[in-house]
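Down below is the structure, laid out as structure tokens.
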Amino acid sequence: MRVAARMEGENSITVVSDSPEDTMKLGFELGRFFKGGEVLFLQGPLGSGKTTLVKGLAKGLGVLRDVTSPSFVLEKMYTGRTTLRHIDLYRLDPSEAAEFWHSLETGPKDVLAVEWGERIGDLTPGRIRVDMEYCEDPNARKMTISWDNPSQGQAIRKAIERWLEGTSK
Ligand SMILES: Nc1ncnc2c1ncn2[C@@H]1O[C@H](COP(=O)(O)OP(=O)(O)OP(=O)(O)O)[C@@H](O)[C@H]1O
Ligand SMILES: [Mg+2]
74 MRVAARMEGE NSITVVSDSP EDTMKLGFEL GRFFKGGEVL FLQGPLGSGK TTLVKGLAKG
134 LGVLRDVTSP SFVLEKMYTG RTTLRHIDLY RLDPSEAAEF WHSLETGPKD VLAVEWGERI
194 GDLTPGRIRV DMEYCEDPNA RKMTISWDNP SQGQAIRKAI ERWLEGTSK
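According to my numbering, the sequence shown is numbered sequentially starting from 74.
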């Protein structure tokens, strides 16, 4: 495996995952470094790897059950070190998505992973965003992670360091 490409900004990092397993591992490391209360918006076209990342995230949060796409049920909940709420807004139009989002009651330690988060607008305070894109290599995905909460940014940087150590060997 090659070392993932990386571009750093103050509040974002761009990396390239070389395989679905690589994406799951990145999710896993993120989950391990999350403290609870993180809100992750996963954005990118169909098949770009959003659910794949959440499968790893769940493992990193200590969830034992397998994660499957919630697109038909809007939300699936999993218990690990904290509660993981996996939400998929694909089937909702923007006004339905906004209504669903505002009616959601969440605990302070819940981790939210929201696919098609763009249905309810851009980065708002405290939210982490992952933009996923296809690459020329059909097994690669470019992922840009952005945040505005510095302590969450620190956790994300540490998780990516761990992930790069694993993927570069
Ligand atoms: N580097 C990669 N990372 C993630 N998935 C990859 C990668 N390379 C290939 N794939 C494939 O792309 C697909 C990603 O599917 P996944 O369900 O995670 O996408 P999604 O973004 O959740 O799609 P949807 O918008 O339909 O919910 C899988 O078939 C996976 O095997
Ligand atoms: Mg999905």
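Yeah, the Cβ is synthetic: ideal placement off N, Cα and C, and Gly gets one too.
Express the C-alpha separation of Lys108 and Arg214 in angstroms, rounding to a whole number.
Each residue's Cα considered, the two are about 26 angstroms apart.
So is the beta-carbon of Val124 under 7 angstroms away from any non-hydrogen atom of ligand 2?
First, the residue type needs correcting, since residue 124 is Thr and not Val in the sequence shown. Yes; taking the cut-off as 7 angstroms, the Cβ of Thr124 has a heavy atom of ligand 2 nearer than that.
Evaluate Lys123 with the Cβ neighbour count: other Cβ atoms within 10 Å of its Cβ, from every protein chain shown; 16 or more gives buried, anything less gives exposed.
Burial call: buried.
If you draw a straight line from the C-alpha of Thr85 to the C-alpha of Trp220, how long is it?
The sequence shown places Ser at residue 85, not Thr. Approximately 6 angstroms between the Cα atoms of the pair.
Label Leu113 either buried or exposed according to how many other C-beta atoms from any shown protein chain fall within 10 Å of its C-beta, with 16 as the threshold for buried.
When all chains shown are included, Leu113 counts as buried.
Does the beta-carbon of Ala213, which I'm using as the reference point, lie nearer than 7 angstroms to any heavy atom of ligand 1?
Checking the Cβ of Ala213 against ligand 1 gives yes.
If I follow the unbroken beta strand (DSSP E) through Val184, where does it start and stop?
It spans Val184 to Glu188 - the beta strand (DSSP E) in which Val184 sits, taken as one unbroken run.
Skipping 5 residues on each side, what residues in its chain have a beta carbon closer than 6 angstroms to that of Ala171?
Cβ within range, chain order: Ile193.
Please classify Ser121: is it buried, with 16 or more other beta-carbons within 10 angstroms of its beta-carbon, or exposed?
With 16 or more other Cβ atoms within 10 Å, it is buried.
Are Val203 and Leu147 close, meaning C-beta to C-beta below 8 angstroms?
Taking 8 angstroms as the Cβ cut-off, Val203 and Leu147 do not qualify as a contacting pair.
Mind checking who Glu148 pairs with in its DSSP beta bridge?
The partner list for Glu148 (beta bridge, DSSP) reads Ile160.
Cα separation between Glu238 and Ser168?
Distance between the alpha carbons of Glu238 and Ser168: 42 angstroms.
Cβ of Gly199 within 7 angstroms of any heavy atom in ligand 1?
Incorrect: Gly199 has no Cβ contact closer than 7 angstroms to ligand 1.
Taking the alpha-carbon of Thr152 as reference, which of Val184, Trp174 and Asn222 has the nearest alpha-carbon?
Measuring from the Cα of Thr152, the nearest candidate turns out to be Val184.
Give a yes or no on whether the C-beta atoms belonging to Gly117 and Glu209 are separated by under 8 angstroms.
Result no, Cβ atoms of Gly117 and Glu209 do not sit closer than 8 angstroms.
Provide the residue(s) that pair with Ile233 in DSSP beta bridges, ordered along the chain.
None, per the DSSP bridge assignment.
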